[in-house]
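Trainee: In the working numbering, the protein residues as written are 6 to 236. Dropping a structure here in structure tokens format, bear with me for questions.
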Amino acid sequence: MEKIVILTGAGISAESGLGTFRDEGGLWSRHPIEDVATPEGFARDPALVQGFYNARRVQAARAQPNAAHRALARLQRNWPGEVVIVTQNVDSLHEAGGAQGVIHMHGTLAGALCAACGHRWPAPDEMAVGEPCPACTRPTARPDVVWFGEMPYHMDEIYDHLAGASIFAAIGTSGQVYPAAAFVHEAIAAGARTVELNLEPSAGVSSFDETVFGPATQVVPAWVDGLLGQR
Ligand code: OAD
């Protein structure tokens, strides 16, 4: 049974109104990475960092899944083999679109993490600076998102999936952040057919067997239709 592993990035949620990072006017052009997405930035100015993620959490909670999220959920339901969705996104739009078992390698805005004891719990809409951990009571709550310099989550599980992939697709990601940007090479080593679906060629475009360029809400449903039609 052919297994499909899909990596998604900010581009799949762009048409749901959530900003990407590196496109013109993207999040990182307005909020320097070292200020809002590193442990050092958090230590320096926790209020700035909590404020940044509080705003993104509110925005993500209001966003609706789009046709691309829904198409991937449809692929999961109708493909005879396994369809694994690995996302770099911290929104929950894959789940809202009906996907199951989504692997959030960069964490989730919906989660809180204790920087001291590692306890995890659902994040409140607004996380305050110095919010106490419900387990150890220390004032060390932080968003459960992966920052630069930290290890992404679920890597062993992801590499296991890639090793068994027959088809690998990267959707809406610029291919500039590792280790996700190297997943295509793992998939190639496993003998998978690889496809990039993106608005424009990513940094790693030359590695893919097939490329489709256009907005995710158009190219992803069409790609899913093609796969399901081949069966
Ligand atoms: P980027 O902002 O780097 O790239 C977004 C990609 O989506 C670009 O290649 C765009 O061309 C494409 N894109 C934009 N609109 C699109 C649309 N409507 N349809 C399809 N594609 C579209 O975002 P990511 O690659 O997700 O990590 O960034 C990877 C990681 O870098 C993020 O998870 C985040 C960031 O720093 C952390 O914060 C750890």
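Here a beta-carbon is modelled for each residue, glycine too, at the ideal position from N, C-alpha and C.
1) Taking Cβ positions, are residue 43 and residue 154 nearer each other than 9 Å?
2) Confirm, please, whether the CB-CB distance from residue 38 to residue 84 is below 9 Å.
3) For the alpha helix (DSSP H) containing residue 225, list its first residue and its last residue.
4) With DSSP as the reference, please indicate the residues paired to residue 9 in a beta bridge.
5) Which same chain residues, not among the five before or five after residue 181, have their C-beta less than 6 Å away from its C-beta?
6) Report the residue from 25, 51, 211 whose alpha carbon sits nearest the alpha carbon of residue 177.
7) So, residue 106 versus residue 7, is the Cβ gap smaller than 9 Å?
8) According to DSSP, which residues form a beta bridge with residue 200?
9) Comparing C-alpha positions only, which one of 214, 229, 203 sits nearest to residue 220?
10) Give the secondary structure of residue 126 by DSSP, where H, G and I count as helix, E and B as strand, and everything else as coil.
11) For residue 175, count neighbouring C-beta atoms within 10 Å of its own C-beta (all shown protein chains included) and say buried if the count is 16 or more, exposed if not.
12) Which ranges does the alpha helix (DSSP H) cover as unbroken runs of at least 4 residues, wholly within the stretch 45-127, from first to last along the chain?
13) Whose C-alpha, out of 22, 235, 164, is nearest the C-alpha of residue 11?
14) Taking Cβ to Cβ, would you say residue 173 is nearer than 9 Å to residue 134?
15) For residue 131, I'd like the list of residues in its chain whose CB is within less than 7 Å of its CB, leaving aside the five on either flank, ordered along the chain.
16) Can you tell me which of the three DSSP states residue 143 falls into?
17) Hey, is the stretch 69-85 in contact with the stretch 97-117, meaning 3+ C-beta pairs nearer than 8 Å?
18) Does the distance from the C-beta atom of residue 193 to that of residue 94 stay below 9 Å?
19) Hey, residue 217 and residue 228 are a contact pair by Cβ (cut 8 Å); roughly how many whole angstroms apart?
20) Can you tell me whether residue 181 sits near the ligand OAD, meaning its C-beta is under 8 Å from at least one heavy atom of the ligand?
Mentor: Result, derived from the coordinates:
1) yes
2) no
3) 221-235
4) 88, 172
5) 208
6) Nearest of 25, 51, 211 to residue 177, Cα basis: 25.
7) no
8) 174, 215
9) 203
10) Strand.
11) buried
12) 51-67, 72-83, 98-101
13) 164
14) It is not a contact, given that the beta carbons lie outside the stated cut-off.
15) Cβ neighbours of residue 131 within its own chain (closer than 7 Å, five residues either side excluded): 59.
16) coil
17) yes
18) For residue 193 and residue 94, no; Cβs fall outside 9 Å.
19) 6 Å
20) Placement of the Cβ of residue 181 at a distance of less than 8 Å from at least one heavy atom of the ligand OAD is found.
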